[in-house]
Every structure is written in C-alpha cells, then in structure tokens.
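Right, one structure below, let's go through it.
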Amino acid sequence: MHAWLLGLGLERALAVLMLVAWAAALLVTCAVLTFSSQGSLALGLTIASVCVLTITPVLGYVVLKLVYELEASREQIRLLAITDDLTESYNRRHFMDVAEAEFVRSRVQRLPMGLLLIDADHFKRVNDTHGHQCGDTLLREIALACRGALRGSDVIARFGGEELIVLLPHTDLAGAMAIAERIRRRVARLSIDWRTERVEATVSLGVAALRPDTPSLDALIHEADQALYDAKRKGRNQVASRPSAVHEVIEVQAT
Numbered sequence: 004m005h006a007w008l009l010g011l012g013l014e015r016a017l018a019v020l021m022l023v024a025w026a027a028a029l030l031v032t033c034a035v036l037t038f039s040s041q042g043s044l045a046l047g048l049t050i051a052s053v054c055v056l057t058i059t060p061v062l063g064y065v066v067l068k069l070v071y072e073l074e075a076s077r078e079q080i081r082l083l084a085i086t087d088d089l090t091e092s093y094n095r096r097h098f099m100d101v102a103e104a105e106f107v108r109s110r111v112q113r114l115p116m117g118l119l120l121i122d123a124d125h126f127k128r129v130n131d132t133h134g135h136q137c138g139d140t141l142l143r144e145i146a147l148a149c150r151g152a153l154r155g156s157d158v159i160a161r162f163g164g165e166e167l168i169v170l171l172p173h174t175d176l177a178g179a180m181a182i183a184e185r186i187r188r189r190v191a192r193l194s195i196d197w198r199t200e201r202v203e204a205t206v207s208l209g210v211a212a213l214r215p216d217t218p219s220l221d222a223l224i225h226e227a228d229q230a231l232y233d234a235k236r237k238g239r240n241q242v243a244s245r246p247s248a249v250h251e252v253i254e255v256q257a258t
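According to this note's numbering, the stretch in the sequence shown is residues 4 to 258, in order.
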C-alpha cells in the first residue's frame, strides 16, 4: 500500500487519501441517515463516532508515514545525484557549485579560502600491474583517508580520474599547507592487501589560497594545478604551493 502511494508522488497520494476520507465520511453520513429514519438516531451517532475515531488516526498515520518516506526517498535521490559512486565523495558538478558560492562569499566578505588538488601517485602503474579493480579499491581508500584528515566544514570531491579536490573555507595558505601535509602523511601510511601482494599509496598535493587579485575560481584551481605539477616534478609524495607570481615550492620528504 505504502509503496503504491509512494509511486504516485506526494500530491497525488494525498489526493487519494482525501478521496478515501471523503468516501468514509459519506458512508458514515449514510449510516446516520439510515438509522435516523428508522428511529435509531443514538445508534447511528454511535456508529458514526466509532468510524471517525477509527479512521482518523489510521489516515493520520498513513499520511505521516507517507510524507516521511517521500522525504527520505528525495534525500536519497539528491545524495545520489551529487555523490561519486566510487570514492563516495561529492562529484565534480556539485563541488563546483559549492566552491563557486564559497568563492564569491569569501571575496565579498574578505575571508580566507584554500584549495587542494590531490593526485594519486603512479596510479596508472597500479592499474597496469594489478588491474582496475585494485586501482578502484586503492582510490576509494585514498579518498577515505583524505576525508579522515579534513574538518567538518571542508568539502572533498572527485575531480576526475585519480584526482581529488578539496575546498577549505576560512583557511589561509599556511593552514591549507598544514592540512595538505596531514593528508599526505595519512595516505603514506595506507596500504591494501591485494591477492598475494601489498599495494601502498602516496599522493602529491597542490595548494592554492585566495588572494585579493585572484580573478575567479577557475584561476584558483589552475594555480593549485600548477602547484600539483611542481610536486609531481619534484619527485611525488610532496606538498607544493604557488603563493605568488614567483612560485615557491615547499618540499616534504617522504616518511
């Protein structure tokens, strides 16, 4: 019954329940009139009262349960629409929507904002050596490790392939570098057992932070991407940033 009503949608389901209530009220009215015409008004009113007291809570329960199930279903659909299936992080489209709004807010209110681009090192080699299932498992574990190093206000998403991206509200460059290093260390301790081998993981991270002259979110992402390239070029498993026009690379030795 509930599944059938749920398939109708909230508006149609409520309309069906209203029709049921009206039909019940009509039957009660007919019963009262019938018994009244036979001189049994008290009996008719008693039957009517029993029907009302029985039907009202049942309909109320059905309506409340229906509304709850519809809201839960809508929330599940909403989460599926904004979540990456593999990493269980947000998808790129949702991230860009959230990050764009945060970028505008930070610019207007002159608040700090950081951004991280994270790339799994030697990911193609993992896929080629151990297969794509191993690569998928490793990427899922990397995303989980990254989430464990973040704060509740931070937003992480799969940006594409083996790349993750992180939005850091209220975070300057020094704070973003510290979070990036925490992620790097956490992932460096990660390994998975795959068949007869142990597969380890490291990541390279590019860091950027909002400046007064940053023209757009795309420009900030580009800056983080260039810093990520620097980290890769310097040997991977490192954190790098470009805080000014003359870029600075902060190298972190692998532990």
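Positions of the beta carbon are idealized from the N, C-alpha and C atoms, including for glycine. These figures come from a predicted structure and were not determined experimentally.
Counting only the Cα atoms, residue 80 lies some 35 angstroms from residue 203. Taking the Cα positions, residue 117 is about 43 angstroms away from residue 68.
Close CB contacts of residue 230 within its chain, under the 7 angstroms cut and outside five residues either way in sequence, are with 209, 210, 211, 243, 244 and 245 (chain order).
DSSP, read as helix, strand or coil, puts residue 178 in helix. A contact between stretches requires three or more CB pairs, one per stretch, nearer than 8 angstroms, and the region 154-163 meets this requirement with the region 84-101. Taking a C-beta distance under 7 angstroms as the contact criterion, residue 149 and residue 186 qualify as a contact pair. Taking 8 angstroms as the upper bound for CB-CB distance, residue 205 and residue 191 are in contact here, some 5 angstroms apart. Around the CB of residue 169, 16 or more other CB atoms lie within 10 Å, so the residue is classed as buried. In the three-state reduction of the DSSP assignment, residue 216 falls in the coil class. For residue 141 and residue 71, the gap between their C-alpha atoms comes out near 37 angstroms. Short of 7 angstroms from the beta carbon of residue 189, and not among the five residues preceding or following it, lie these beta carbons of its own chain, in chain order: 148, 151 and 152. Put simply, the backbone Cα of residue 135 is about 9 angstroms away from that of residue 127. Judged by their CB atoms, residue 179 and residue 171 are nearer to each other than the 7 angstroms cut-off.
The shortest C-alpha to C-alpha distance from residue 89 to any of 103, 145 and 217 is the one to 145.
Shown here, residue 160 sits in a strand according to DSSP, grouped into three states.
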